[in-house]
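> The sequence shown: position 367 = 356 (this note's numbering), numbered continuously.
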Amino acid sequence: MHIPESNLPRIVVVGGGFAGLQFCKRVNKNKFQIVLLDRHNYHTFQPLLYQVATAGLEPDSIAYPIRKIFEDQRENFFFRIGEAKNIDAEQQILETTSGKIAYDYLVIATGSKTNYFGNKVIEENAMPMKTIPQSLNLRSLFLQNFEQTLLTDSVNEREKLMNFVIVGGGPTGTELVGAIAELKNHVLPNDYPDLDFTKMNIHLVEAGERLLAGMSETSGKRALKYLQNMGVKVWLKTAVDSYDGEVIKTNTSKTIPTRFLIWAAGVQGSPIKGIPEEQIQRGNRIAVDENNKVIYSDNIFALGDVAMMVTDDYPRGHPMVAQPAIQQGRLLAKNIERLVDGKPLKAFKYSDKGSMATIGRNRAVAELQGMKFTGLTAWFIWMFVHLMALVGFRNKAVTFVNWVFAYVNYDKGARLIIRAFDKKRNLHEEKVPVGTGE
Ligand SMILES: Cc1cc2nc3c(=O)[nH]c(=O)nc-3n(C[C@H](O)[C@H](O)[C@H](O)COP(=O)(O)OP(=O)(O)OC[C@H]3O[C@@H](n4cnc5c(N)ncnc54)[C@H](O)[C@@H]3O)c2cc1C
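What follows is the structure, given as structure tokens:
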């Protein structure tokens, strides 16, 4: 991989997500040469992926070109597209699909991937929602199901096509079913006047005793009530055992015939090969110390979802959400300078800003700084926070206009089957767009 020579120490950063971007923005580029590598040329705002999957937003609204983010920081900053494959820690070389690159310091900010908990059959047949291409596949499959229903005479097939199942009652699953219920209640009957929408069923399956386990019981109960009022069938204490692409079997007597299952039941770290196995901890995350330094190494760091930092406050590691990733990226940018200057490093302390989930129009739950909000207030807070967190003025403006339009018109604009979805294609392995191997 060609990178201009420099006398400065080189930091290679893998991953332009929340953590990697914050690190690259804040690190002192007069003291280091920075090379950022990502398999995509854009940053993805994952909290709004579900809106792309449910035709609420165009993908461009939640993605932002990495090169544009750094257009004012050309000095000693280089972006390269490609996928990191292996770390040779002894030689200090990262092997990627776009060639090898030597580093003085390596920052791993590769985030997480869907966790099927070892169930291969579910992995083969369920749909994940971690990337924009996956969300577009979901959008296509969702809309194709209605088109297919109109083309088939089989009652059994119609039932499968009109059953929509989401597994996992965390914020992602809850927000997804809320958005699908909105479509059912306000949008789809206008598009498909010859379909009987009383036959469309939306199921949310959750193994635990309640929804939104990461939030208070009050918020979980409120979310359940909102969803039930919107017509969603919520199955608590029900774990999906298998799904062959046609029927879901659970650990209870409940079975659901369906051609649409989104797996939002778990994530696991996405480390790069070459990290010793004993450093890969619970949830496939890399063990780091309080400075995000990978335990066995002097010059490799891990940030965000992929990092497992055990502290007294977080004995099971920090939550796999955006704020720890952002805060760790910011701190490491300062700490790495302290490291080369021979100064003591500052320990990471997570400042929890709260959590929230929206459940359709005018309904949300939010817990911020010890205060709980529900209903319209929480919904406005949710919209404001997400709008402000989007990267780039254009994305903020386009998303805002889309939301206002949807609110006023009870409509969603992006109901397009752009890429016909073929279930036989393997969707779980994403292809790297470019990279010659040299
Ligand atoms: C559907 C969904 C909804 C969510 N909702 C919320 C929410 O409402 N609030 C919240 O706080 N958090 C939410 N999260 C979690 C949040 O998005 C993550 O915690 C956060 O993105 C973690 O940041 P990160 O920088 O560690 O990783 P990421 O943001 O995932 O970034 C990782 C980057 O690394 C790249 N990459 C990965 N592997 C490689 C490789 N081998 N080579 C090259 N590049 C690679 C990826 O392309 C990506 O750009 C949600 C996540 C999902 C999937």
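Positions of the beta carbon are idealized from the N, C-alpha and C atoms, including for glycine. Owing to the predicted nature of the structure, the values given are computational and were not obtained by experimental measurement.
Out of M151, N17, L201 and H307, which one is the CA nearest neighbour of E136?
Per the Cα distances, M151.
> Quick check on Q80: does DSSP put it in helix, strand or coil?
Here Q80 sits in coil by DSSP.
> Kindly indicate the opening and closing residues of the beta strand (DSSP E) around V223.
Counting along the chain, the beta strand (DSSP E) containing V223 begins and ends at K222 to W224.
> Could you tell me the alpha carbon to alpha carbon distance between R69 and I97, rounded to whole angstroms?
Computed Cα separation, rounded: 15 Å.
> Excluding the 5 residues preceding and the 5 following V166 in the sequence, name in chain order all residues of the same chain whose CB lies nearer than 7 Å to its CB.
Contacts found: I155, I191, L193, L216 and V221.
> Could you tell me if the beta carbon of D27 falls within a distance shorter than 8 Å of some heavy atom in ligand 1?
Checking the Cβ of D27 against ligand 1 gives yes.
> Who are the Cβ neighbours of N114 in its own chain at under 8 Å, not counting the five residues just before and after it?
Only Y232, D233, G234 and L250 meet the Cβ criterion.
> Which residue or residues does DSSP assign as beta-bridge partners of G88?
Answer by DSSP bridge pairing, in chain order: T85.
> Leaving aside the five residues before and after A254 along the sequence, list all residues of the same chain whose C-beta is less than 7 Å from its C-beta, in chain order.
Excluding residues within five positions, the ones whose Cβ falls inside 7 Å are V156 and G157.
> If you reduce the DSSP assignment to three classes, tell me which class N17 lands in.
Residue state, collapsed to three classes: coil.
> By a C-beta neighbour count over all protein chains shown, 10 Å radius and 16 as the cutoff for buried, is S101 buried or exposed?
Classification for S101: buried.
> Applying the criterion that 16 or more other CB atoms from any shown protein chain within 10 Å of the CB defines a buried residue, is E164 buried or exposed?
Answer is buried; the Cβ neighbour count reaches 16.
> Among the residues of its own chain, which have a CB less than 8 Å from the CB of T244, if the five just before and after it don't count?
V236, I237 and K238, listed in sequence order.
> With DSSP as the reference, label I348 as helix, strand or coil.
Residue state, collapsed to three classes: coil.
> With a cut-off of 8 Å, do at least 3 Cβ pairs link the region 271 to 290 to the region 174 to 185?
Contact fails: fewer than three Cβ-Cβ distances are below 8 Å.
> Mapping DSSP to helix, strand and coil, what is D400?
Note: D400 maps to coil in three-state DSSP.
> Under 8 Å Cβ to Cβ from R408, same chain only, skipping five residues before and after it: list those, please.
Result list for R408: L125, N126 and S129, in chain order.
> Consider the C-beta atom of V256 and the heavy atoms of ligand 1; say whether any pair is separated by less than 8 Å.
Under cutoff, so the answer is yes.
> Assuming T138 is part of the alpha helix (DSSP H), what are its boundary residues?
Here the alpha helix (DSSP H) through T138 covers I121 to L140.
> How long is the line joining the alpha carbons of W224 and N398, rounded to whole angstroms?
Those two C-alpha atoms are separated by around 32 Å.
> Nearest-angstrom Cα distance between N145 and F153?
Each residue's Cα considered, the two are about 14 Å apart.
> Beta carbon of D341: closer than 8 Å to some heavy atom of ligand 1?
No, the Cβ of D341 stays beyond 8 Å of every heavy atom of ligand 1.
> With DSSP collapsed to three states, give me the class of E419.
Because the pLDDT at E419 is just 46, under 50, the model does not fix this residue reliably, and the point stays unresolved.
> Could you name each continuous beta strand (DSSP E) segment of 3 residues or more that falls completely within the region 168 to 204, going from the start of the chain to the end?
Fully enclosed beta strand (DSSP E) runs of 3 or longer: 190 to 194.
> Tell me whether L376 sits in a helix, a strand or coil according to DSSP, three-state version.
Note: L376 maps to helix in three-state DSSP.
> Give a yes or no on contact between the region 349 to 358 and the region 369 to 376, applying the rule of three or more CB pairs nearer than 8 Å.
Touching, yes.
> Taking 8 Å as the cut-off, is the CB of M297 close to at least one heavy atom of ligand 1?
No; taking the cut-off as 8 Å, the Cβ of M297 has no heavy atom of ligand 1 nearer than that.
> Sorry if obvious, but does the Cβ on L38 come closer than 8 Å to a heavy atom of ligand 1?
Yes, ligand 1 has a heavy atom inside 8 Å of this Cβ.
> So for E427, helix, strand or coil by DSSP?
Confidence in E427 is poor, its pLDDT being 36 and thus under 50, which makes the residue's placement too unreliable to answer from.
> For Y181, which residues of its own chain have a beta-carbon under 6 Å away from its beta-carbon, when the five flanking residues on both sides are left out?
Same-chain partners within the cutoff: F135.
> Identify which residue in Q268, T103 and H307 has its Cα closest to the Cα of G203.
For the residues Q268, T103 and H307, the minimum Cα distance to G203 belongs to H307.
> From what residue to what residue does the beta strand (DSSP E) around L292 run?
From DSSP, L292 is part of no beta strand (DSSP E); its letter is neither H nor E.
> Got a sec? Which residues, its chain only, sit under 6 Å from Q40 by beta carbon, not counting five neighbours each side?
Within the same chain, Q40 has close Cβ partners L46.
> Out of curiosity, what's the CA-to-CA distance linking V3 and T241?
Roughly 43 Å between the two C-alpha positions.
> Between S(-5) and I275, what straight-line distance do the alpha-carbon atoms span, to the nearest angstrom?
Their Cα atoms are separated by approximately 30 Å.
> How should P265 be labelled, buried or exposed, when 16 other C-beta atoms within 10 angstroms of its C-beta is the threshold for buried?
That one is exposed.
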